[in-house]
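Here the working numbering runs 18 ahead of the position in the sequence shown, where the first position is 1.
Here a beta-carbon is modelled for each residue, glycine too, at the ideal position from N, C-alpha and C.
Quick caveat, the model's predicted, so the values are computed rather than measured.
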Amino acid sequence: MTEFRFALYLAASLLVGMSGREFARAFVAARLHDPTPRLWGRLTLSPRAWFEPFGSGLLPALILLLWAVGASFLPPPIAYAKPAPVDPSYFRDRTRDTIVSSLAGPVANLALAAVGGVGARAGLTGDAFAIAIAFMLANLSLLVFHLLPIPGLDGARMLALVLPARAAEVFRNADQYLPLIVLVVLFIFAGPLISIVNSLTDSLCTLLGGLPCPP
Numbered sequence: 019m020t021e022f023r024f025a026l027y028l029a030a031s032l033l034v035g036m037s038g039r040e041f042a043r044a045f046v047a048a049r050l051h052d053p054t055p056r057l058w059g060r061l062t063l064s065p066r067a068w069f070e071p072f073g074s075g076l077l078p079a080l081i082l083l084l085w086a087v088g089a090s091f092l093p094p095p096i097a098y099a100k101p102a103p104v105d106p107s108y109f110r111d112r113t114r115d116t117i118v119s120s121l122a123g124p125v126a127n128l129a130l131a132a133v134g135g136v137g138a139r140a141g142l143t144g145d146a147f148a149i150a151i152a153f154m155l156a157n158l159s160l161l162v163f164h165l166l167p168i169p170g171l172d173g174a175r176m177l178a179l180v181l182p183a184r185a186a187e188v189f190r191n192a193d194q195y196l197p198l199i200v201l202v203v204l205f206i207f208a209g210p211l212i213s214i215v216n217s218l219t220d221s222l223c224t225l226l227g228g229l230p231c232p233p
């Protein structure tokens, strides 16, 4: 199997993982009495509804290009989609329901990664094995990355709940600058960020699939 084909498997897996995680957030928010996802037409698994030009296109394309050419430096396959439109003012218990809706995305990625892990442990070979590994790796990378306290991601939404009101407002308002923040974080904190994401992803890969990602 070539690096290029594995990069293609990662790209497809990221697309499924991004759409799945945001649909899960929208679905859970709707179940918690928030009509916003339905009004915005976001209760769908269609990737077109969730595609964000930078986070779903340019960012993963640049990362996967390094995977495709077999570069010595391989950032974790991360990306983000348009966030599920959620209005916490509709929640009956704002703190609890915000946490539940925010965790829906990571839980969805963990469930999808577990499917890849089952495939990795099932004795698959060749491209089928590579697809299972790519699916597991992509979803676990999304899980870990989105739990980082970066404005616009799930980790930041939960962190904002314990910040003072003014600080939480500033933190939430920074969501609109997510592409710029991600670029700054990747350039300035690339070493620690990649180390954290890779180490946690490898541990979860070993737990779910019985081997590090990629093997």
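How big is the Cα-Cα spacing for serine 64 and leucine 33?
So the two alpha carbons sit approximately 10 Å from each other.
Is there contact here, the stretch 87-94 with the stretch 131-143, by at least three beta-carbon pairs under 8 Å?
Verdict: no, contact absent.
Taking a contact to mean a Cβ-Cβ separation below 9 Å, would you say serine 119 touches leucine 50 in this structure?
Against a cut-off of 9 Å, the Cβ pair of leucine 50 and serine 119 comes out as a contact.
Helix, strand or coil: how does DSSP classify aspartate 105 here?
When DSSP states are grouped into helix, strand and coil, aspartate 105 belongs to the coil group.
Check each candidate in Glu187, Tyr27, His164 and name the one with the smallest Cα separation from leucine 218.
Between leucine 218 and the set Glu187, Tyr27, His164, the nearest pair of CA atoms involves His164.
May I ask which residues mark the beginning and end of the alpha helix (DSSP H) holding alanine 30?
Counting along the chain, the unbroken alpha helix (DSSP H) around alanine 30 starts and ends at 21-49.
Inspect the beta-carbon positions of proline 102 and arginine 43 and report whether they are closer than 9 Å.
In the sequence as displayed, the identity of residue 102 is alanine instead of proline. Cβ atoms of alanine 102 and arginine 43: closer than 9 Å.
Sorted by chain position, which residues of the same chain lie with C-beta nearer than 8 Å to glutamate 21's C-beta, five sequence neighbours on each side aside?
Excluding sequence positions up to five before and after glutamate 21, its CB lies within less than 8 Å of the CB of Trp85, Ala86, Val87, Gly88, all in the same chain and listed in chain order.
Measuring CA to CA, which of Glu70, Phe72, Ser221 is closest to methionine 154?
Selected option, being the one with the closest Cα: Ser221.
Under the three-state DSSP convention, the category serine 90 falls into:
Three-state DSSP puts serine 90 in coil, outside helix and strand.
Excluding the five sequence neighbours on either side, which residues of its own chain have a C-beta within less than 6 Å of the C-beta of proline 197, listed in chain order?
Contacts found: Phe72.
Just verifying my parser: in three-state terms, what is the DSSP assignment at valine 202?
Helix.
Secondary structure of glycine 135, DSSP reduced to three states
Glycine 135: helix per DSSP, three-state reduction.
Give a yes or no on whether the C-beta atoms belonging to proline 124 and arginine 39 are separated by under 9 Å.
Closer than 9 Å, so yes.
Can the beta-carbon of glycine 134 be found closer than 9 Å to that of serine 31?
Yes, the pair counts as a contact, with Cβ atoms nearer than the cut-off.
Here's a check: name, in chain order, each residue in its chain whose Cβ is nearer than 7 Å to the Cβ of valine 166, leaving out the five neighbours to either side.
A small fix is needed here, since residue 166 is leucine in this sequence, not valine. So the qualifying residues of the chain are Gly173.
Mapping DSSP to helix, strand and coil, what is aspartate 172?
Aspartate 172: helix per DSSP, three-state reduction.
Hey, how far is the Cα of cysteine 231 from the Cα of alanine 126?
Cα to Cα, the separation comes out at about 19 Å.
How far does the alpha helix (DSSP H) with arginine 56 in it reach, from first residue to last?
In the DSSP assignment, arginine 56 falls within the alpha helix (DSSP H) that extends over 54-57.
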